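There are 2 protein chains.
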Amino acid sequence: MEENKNILKQWVLSAISHRSAKELKEIFETIPNIDIAEAISDVDDPKTLLYIFHAVGSEYSADFFTELSSEQQEAVINAFSDKELIDLISDSYADDIVDTIEEMPANIVSRVLKACPKDLRGDVNRLLNYKENTAGSVMTTEYIEMKDSVTVKDAINTIRIKGKDAETVYTIFVRDNKRTLVGTVELSDLIFSDENAVLADIMDKNFVSCNVNEDQEDVAKKFKRYDLTAMAVVSNENKIVGIITVDDVIDIMEQEVSEDIAHMAAITDMEDPYLKTPIYKLVLKCVPWILALMVLQVFSTMILSGFEGEIGHFAILAVFTPLIMDAGGNSGGQTTTMIVRSLSLDEFSGKDYGKVMLKELRVAAIIGAIVSAFAFGWLMFEMGIGIVNTSSIVDKINETGGNYNVYMTLVATLVAATLFVTMIISRLVGCSLPFLAKLLKLDPAVMCGPITTTLVDVISLVTYFLLWTQLIGPQLGF
Amino acid sequence: MEENKNILKQWVLSAISHRSAKELKEIFETIPNIDIAEAISDVDDPKTLLYIFHAVGSEYSADFFTELSSEQQEAVINAFSDKELIDLISDSYADDIVDTIEEMPANIVSRVLKACPKDLRGDVNRLLNYKENTAGSVMTTEYIEMKDSVTVKDAINTIRIKGKDAETVYTIFVRDNKRTLVGTVELSDLIFSDENAVLADIMDKNFVSCNVNEDQEDVAKKFKRYDLTAMAVVSNENKIVGIITVDDVIDIMEQEVSEDIAHMAAITDMEDPYLKTPIYKLVLKCVPWILALMVLQVFSTMILSGFEGEIGHFAILAVFTPLIMDAGGNSGGQTTTMIVRSLSLDEFSGKDYGKVMLKELRVAAIIGAIVSAFAFGWLMFEMGIGIVNTSSIVDKINETGGNYNVYMTLVATLVAATLFVTMIISRLVGCSLPFLAKLLKLDPAVMCGPITTTLVDVISLVTYFLLWTQLIGPQLGF
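Listed in order, the protein sequences are those of chains A and B. Each step along the first sequence adds one to the number in my numbering, with nothing skipped, and position 188 is 174. Each step along the second sequence adds one to the number in my numbering, with nothing skipped, and position 436 is 422.
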């Protein structure tokens, strides 16, 4: 892969240095644009880039341009004459132009907008104004719309004429006299139908559309649910204003997933590629969460320090607190992850909370039993073979007498019993918080993990020390 | 949404009870199949289901059938006569049949296979034999293939005749005399071309295909990279054996993401919907990891217990160990998540390790400085206003004398200094392990999180207690 890229780069550069437009064209005919763009991603000499555009001509220019890095795009735009820029822009789709200029300096933006034909400029401006992550911000305005009284024959002719400028010709959007969207026709339906039929007869009336202000995540869900390849975006008056195609949806899904994963790991977001994100931004994404979680940790610190006396008298108690806190954190994290994912895939809704809780309770009881039994054995082993320093037990026995095995068994019992409670609490909390977040219309992925950990930490530490001071400690003369 | 579902259900059931086939057909004409299937998902009376199939006829049967739950599908197959089953199966695609029978009891599987026409049965059997998660296991065998010498006119005619049985008519796969795949033609290219041209002249030679044994995740990446709607799956001899369409890819992406998310949270996998997963499976998915991580924790337990003497003498030391361990875990988790995600999106490859490490080192130094400065202030505050019990400091002062503020400041300094080291170590470890996993050809998402936490715990605890015993403790007369 890496090697292919280098070979391709050498090939492209050699064609450029020979000034062989024919060879360059051949490369573009046999290799996808994105692979070529990636091979020369570190070439930023404007003259070299310019030669490619001159050589390959309008058939590939616009597509190839969108695959370049924003630095390269900037260099190309600066090197282009006004005429060349107008040619390039006229071959581009409005949504690609928006993607390009969103990250450009103001002088470039205004030069690009000036180069747009009037109707394209209107589209670009409108797209720039939609709120981020709405259907409007990802839609494209190049689609084919026809009246429902058009015949199949005329429809195919119109596609032949206008199709080259549309993002897809496979779905034709059908409107009535009032410009309201009333149906869709697949190109294949046109091919299979009698050429004198009118669109109203063959169109799909059970089509799915979305509102221009709808969240892009919901749009992606509709595509998945209904196996669509293109969907109309309509205004509040049910007039079509744009379309979204399935390749946009794949990008949306990836973006939304990155967001979810980031939130679950307490990172603000991961919208830009790692290597392109400046250092200060990486710091800003991570550091606030670490500080916030540190502040949240005050509760477990308070509880631990409240039992400082007990720890001072029997230090082995402190040795096992991280084990309990970690196990609770891991177990809560597992539940939260499963529930958040199921909620985001719409596997269940808020009203299934009771059903889920009941299931979790049974799962938790089994896990609690297994984990505490295992922990008991594991701790006896650790203390038995001396992995864990038991000098605080020995000190205590020297002071007040008693049997070493009894001490060991009761300490292991204390930890095991606490873990049983911790497993149950962690799963119940871990499954309730995402539902609560959903009820409050918050993103369940945000903060559920850390808040679960904090709550579980507090409850399990209190359980641990209460079991010790009330039940187990007294039996050992504390 | 919930309400719409109920209304739709009432409507469908009322149409059935009136025996109004016309009304049912109207429902199917205006509402997508999947919405109808979902509305009646708790209807499992075979007679009711059967009536729907009789009423709506072959136009909707096969599609509607694939949207039913497997319990409903089983009931329908059992209630169908052999003739009805043959009709239903003949209208279905091979990959949908495979999806259906994969979860059915053996007697149903054999009845369905018997109902398949001979060539369809061959396809189904072949699909059933491909390894899970390969291109072969998700592809479909209903596609349109033509020779490169066919004219545009003949091609369109062939599509008119054979198109109804194909999963997509928008991409036509072109082969030469030796049955080798040599290009693809989009239906739109046919529409735009002269009808006497031959496919060899207008086909795309820079098409992308995949091998039948290729991992489905790589297939999805190709779709995304090249904005495809359909892709040929070829044998090792470069003969086309099936196709994958973009709606399959959306399902693949979702499945792969669920897998990644599950692995990062230390869950074995999440392939089935939560509510449908039996309790013992949920336990098996979660409990091994909790036990394994508990065993891994032995190292930090050993270190903590090794310093039991220090803790016994100055219990406040134990109070801050969870804070340090949590901060390290959170910070390592953030880095691991970013790097794993970037690796899985192919943002960088193994050879970028040096570049990434250098960047992480700089990010970590800044985060370390901020976090340790904040922690110093926060601990002075906690101890100053008495949130943290400082009785072990007071005890020590009563015993050996000394200034309370000096104690407080040195303890806060100890924690802050440890955190600085922890932040740097956690990010470097968190970014190295995914690269190591990739080098060893393991899934970076699996285990990187837990192993990072374990390593960072050990290093930060050692740092903490070494700083105390070697530097800070002696100044306070320990």
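Backbone N, C-alpha and C define an ideal beta-carbon position, used for all residues, glycine too. Quick caveat, the model's predicted, so the values are computed rather than measured.
Cα-Cα separation between residue i and residue j, rounded to whole angstroms
i, j, result
"L185(B)", "M217(A)", "30 Å"
"E200(B)", "N119(B)", "9 Å"
"L426(A)", "G336(A)", "11 Å"
"S76(B)", "S174(A)", "21 Å"
"Y79(B)", "E153(B)", "8 Å"
"V198(A)", "K117(A)", "10 Å"
"D140(B)", "I238(A)", "39 Å"
"D82(B)", "I13(A)", "39 Å"
"V232(A)", "A355(A)", "48 Å"
"G84(A)", "E131(B)", "The sequence shown places Val at residue 84(A), not Gly. Each residue's alpha carbon lies about 38 Å from the other."
"T307(A)", "E88(A)", "51 Å"
"D49(B)", "N19(B)", "7 Å"
"S291(B)", "V235(A)", "53 Å"
"L(-6)(B)", "V29(B)", "13 Å"
"S244(B)", "I230(A)", "25 Å"
"A121(B)", "C196(B)", "8 Å"
"E15(B)", "I94(A)", "50 Å"
"D204(B)", "P91(A)", "36 Å"
Residue i - partner residues in DSSP beta bridges
i, result
"V160(A)", "M132(A) and G169(A)"
"I226(B)", "V220(B)"
"T231(B)", "A216(B)"
"D190(A)", "T170(A)"
"N197(A)", "V220(A)"
"V184(A)", "T137(A)"
Neighbourhood of residue i by C-beta, 6 Å cutoff - its chain only, sequence neighbours within 5 removed
i, result
"G314(B)", "T408, S412, V442 and S446"
"R165(A)", "K225"
"I410(B)", "A350 and G354"
Per-residue burial, residue i [other beta carbons within 10 Å of its own, 16 or more giving buried]
i, result
"D162(A)", "exposed"
"K100(B)", "exposed"
"T386(A)", "exposed"
"Y390(B)", "exposed"
"Y46(B)", "buried"
"E346(B)", "buried"
"I469(B)", "The requested residue 469(B) does not occur in the structure, where chain B is confined to residues -13 to 464."
"G340(B)", "exposed"
"T440(A)", "buried"
"F406(B)", "buried"
"N316(B)", "buried"
"P460(B)", "exposed"
"Q283(B)", "buried"
"F421(B)", "buried"
"F193(B)", "buried"
"Y393(B)", "buried"
"Y266(B)", "exposed"
"D68(A)", "exposed"
"A61(B)", "buried"
"Q(-4)(B)", "exposed"
"K382(A)", "buried"
"P264(B)", "exposed"
"D312(A)", "buried"
Sequence-distant residues of its chain with Cβ nearer than 8 Å to residue i (five each side left out)
i, result
"G43(A)", "K11"
"V138(A)", "L176, S179, D180, E181, N182, A183, V184, L185 and I188"
Contacting residues, own chain, Cβ-Cβ under 7 Å from residue i (five flanking each side not counted)
i, result
"K148(B)", "I130"
"A431(A)", "D246, H249, M250 and V326"
"V160(B)", "M132, D134, V168, G169, T170, V171, L185 and M189"
"L329(B)", "P420, K424 and P430"
"Q58(B)", "D30 and L35"
Below-8 Å beta-carbon distance, residue i vs any chain C residue
i, result
"R107(A)", "Protein chains A and B are contained in the structure displayed, whereas chain C is not."
Suppose only complete runs of 4+ residues qualify. What are the alpha helix (DSSP H) ranges in the stretch 67 to 134 of chain A, listed by chain order? 68 to 76, 80 to 87, 92 to 101, 104 to 115 and 121 to 124
List, from N- to C-terminal side, the alpha helix (DSSP H) runs of 4 residues or more that fit wholly inside the stretch 372 to 434 of chain B. 377 to 386 and 390 to 425
If we require 4 or more residues per run, which alpha helix (DSSP H) segments fall completely within the stretch 270 to 345 of chain B? 284 to 292, 294 to 299, 302 to 305 and 307 to 330
Just to confirm the assignment: which complete beta strand (DSSP E) runs, minimum length 3, are found wholly within the stretch -11 to 19 of chain B? none
Note down, one range per segment and in chain order, each alpha helix (DSSP H) of at least 4 residues found wholly within the stretch 32 to 68 of chain A. 32 to 42, 44 to 53 and 56 to 65
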